[in-house]
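Peer 1:
Dropping the structure here:
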């Protein structure tokens, strides 16, 4: 249910197509897993995509690395508006890690 909610709140984002797809793939995979339907190759492809994209966000300009090194890790949750350049990429990075972890838990549960 959480991934469905995450997809919903991303509907009005500039890059909605990407993020709604990311969260819907996770929601569908987790939902199918609950009903005993399991497609290992889908999990592996999705996890690989999420982790590669997370690495890209980590090292990109004003990404997670810059948030830690250049900006000294200020809060990224003070407001919902991404007022600073590093906030959006850092939030997206952690979202990708959450999704990848959830799919990895399902993948290794069987």
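Residue numbers (the numbering used here): -10 to 99. We put the CB at the ideal spot given by N, CA and C, even for glycine. Model, not experiment: these values are computed from the prediction.
So which of 49, 19, 11 and 66 has the shortest CA-CA distance to residue 85?
Peer 2: Comparing Cα-Cα distances from residue 85 to each of 49, 19, 11 and 66, the minimum goes to 11.
Peer 1: So is residue 30 buried or exposed if we call it buried at 16+ other beta carbons inside 10 Å?
Peer 2: Classification for residue 30: exposed.
Peer 1: In angstroms with no decimal places, state the Cα-to-Cα distance between residue 97 and residue 87.
Peer 2: Taking the straight line from one Cα to the other gives about 15 Å.
Peer 1: Report yes or no: do the stretch 74 to 81 and the stretch 47 to 65 share at least 3 C-beta pairs separated by less than 8 Å?
Peer 2: Touching, yes.
Peer 1: Along the chain, where does the alpha helix (DSSP H) containing residue 33 start, and where does it finish?
Peer 2: 29 to 48 is the extent of the alpha helix (DSSP H) around residue 33.
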